[in-house]
Amino acid sequence: MNIDWENLGFKFMPTRSNIRFHYENGQWDEGKLYDTYDITLSVAANAFHYGQALFEGGKAFRCKDGKVRIFRPEENGKRLNSSARHLMMPEFPVDKFVEAVKTVVRDNEDYIPPYGTGGALYIRPVMFGTTPQIGVGASLTYELVILVVPVGAYYKGGIKPVDAMISRDYDRAAPHGTGHIKAAGNYAASLISGKQAKDHHCAVALFLDPATHTYVDEFGTSNFLAITRDGKYVTTLSDSILPSITNNSLMTIAADLGMPTERRRVKATELPDFAEVAACGTAVVLTPVGRILDGGNIIDYHLDTIGPVLKKLYDEMTGIQHGERPDKHNWLVEI
Ligand code: PLP
Ligand code: COI
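The sequence shown begins at 0 in numbering that gives the first Met the number 0 and counts up one residue at a time.
Quick look at the structure:
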């Protein structure tokens, strides 16, 4: 094993094992660790044709005291079930989910980036319908697989500001659709906007509310948050965005630091008024946004580096995750 911990990026690599659970006859089995990434499925399996597929994302950290801790895995378990309910897939017991995450992290301890490298072990649960079928309907059988992969920064440059581009030609989700769950199809739908953004030298697409295209929804990979000129934490309220565990945690941290916080509808026309803007999520952590492109217009936040308020939030969040600062809200689960 020869891993360059300092330069991991966000790429798949095989590790020692993944854990798999099989659902059949109305119940989940007890699960097993596998040392292969291959799976044999019928080409008629539901997930390929009718898209019963969802996923999750979490992280485990090597902390300052040498122990390994997972960040809020229960929340991933609950959100997995909210996605499953919407997609007519079976729920998975949350306590069993947390135990499964602990088991697979423990088995892959050698792949957890050392303390101080800035890396983490990314936890990727994925659930999909496997029954061969040609008529539209819910699958009768499913797999839940939890993979783990060592990762570093999602966007090159770590917390250097990235540029974003407002997606004016495409939505990632429909009104009353699947934007609020982690359906695999949401990401397929967002790829074309991601490509447009990259063609304009932007790292990420920023989506507007699909009903009126006047309010900010979220980025393709993460939630939107902003700091107002008078120091308030503002994030978007919408029924077509994913309820981000990171955003929820950052809001709690902001309140702990005495900052006013607000979850409300944010008009796209307000964007130039903010002092600092960022994307937040498990993979992107807290990534500042330097500029937002909107057609021919450029909103420039004039940042070469992360702004002062976001920096404070970033330091507190990553400090808690790495066991450097008190975990007041009991977010970390030791393996
Ligand atoms: N929004 C989208 C579309 C995402 O894919 C993610 C990533 O999981 C998030 C928001 C952030 O959610 P979380 O903080 O729970 O990772
Ligand atoms: C995560 O942050 O965990 C995600 O699933 C986002 C994905 C785009 C990598």
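Where is the CB? At the ideal position from N, CA and C, for every residue including glycine.
Sequence-distant residues of the same chain with beta carbon closer than 6 Å to residue i, five excluded per side
i: G193; result: A204 and G219
i: H85; result: I180
Through-space distance from residue j to residue i, alpha-carbon basis
i: V265; j: F206; result: 12 Å
i: M87; j: T213; result: 31 Å
i: D28; j: F273; result: 50 Å
i: L331; j: G294; result: 42 Å
i: C279; j: S221; result: 5 Å
i: C201; j: L292; result: 8 Å
i: R78; j: I334; result: 21 Å
i: H175; j: D238; result: 7 Å
i: I298; j: P271; result: 6 Å
i: A59; j: G322; result: 12 Å
Collapsed DSSP secondary structure at residue i in the structure displayed
i: A152; result: coil
i: F96; result: helix
i: N80; result: helix
i: G50; result: coil
i: W27; result: strand
i: N222; result: strand
i: Y232; result: strand
i: M88; result: coil
i: G136; result: coil
i: M258; result: coil
i: D293; result: strand
Candidates the options: closest to residue i by CA position
i: H301; options: A277, R68, W4 and G289; result: G289
i: P209; options: A267, S243 and Y154; result: A267
i: I191; options: G176, H175 and D168; result: D168
i: E108; options: D229, V147, F91 and V125; result: V147
i: N247; options: L224, G257, R228 and D229; result: L224
Neighbourhood of residue i by C-beta, 8 Å cutoff - its chain only, sequence neighbours within 5 removed
i: A341; result: Nothing can be reported for residue 341: it is not among the residues displayed for the chain, which extend from 0 to 334.
i: L309; result: I226, E275, A277, L285 and P287
i: T129; result: L40, S41, A44, N45, A46, S138, T140, Y141 and E142
i: K231; result: M258, P259, T260 and E261
7 Å CB neighbourhood of residue i in its chain, flanking five on each side removed
i: E5; result: T116
i: I240; result: G178, H179, D216, E217 and N222
Self-check item: Neighbouring residues (CB closer than 5 Å to any heavy atom of the ligand COI)
Solution: G56, T220, G280, T281 and A282
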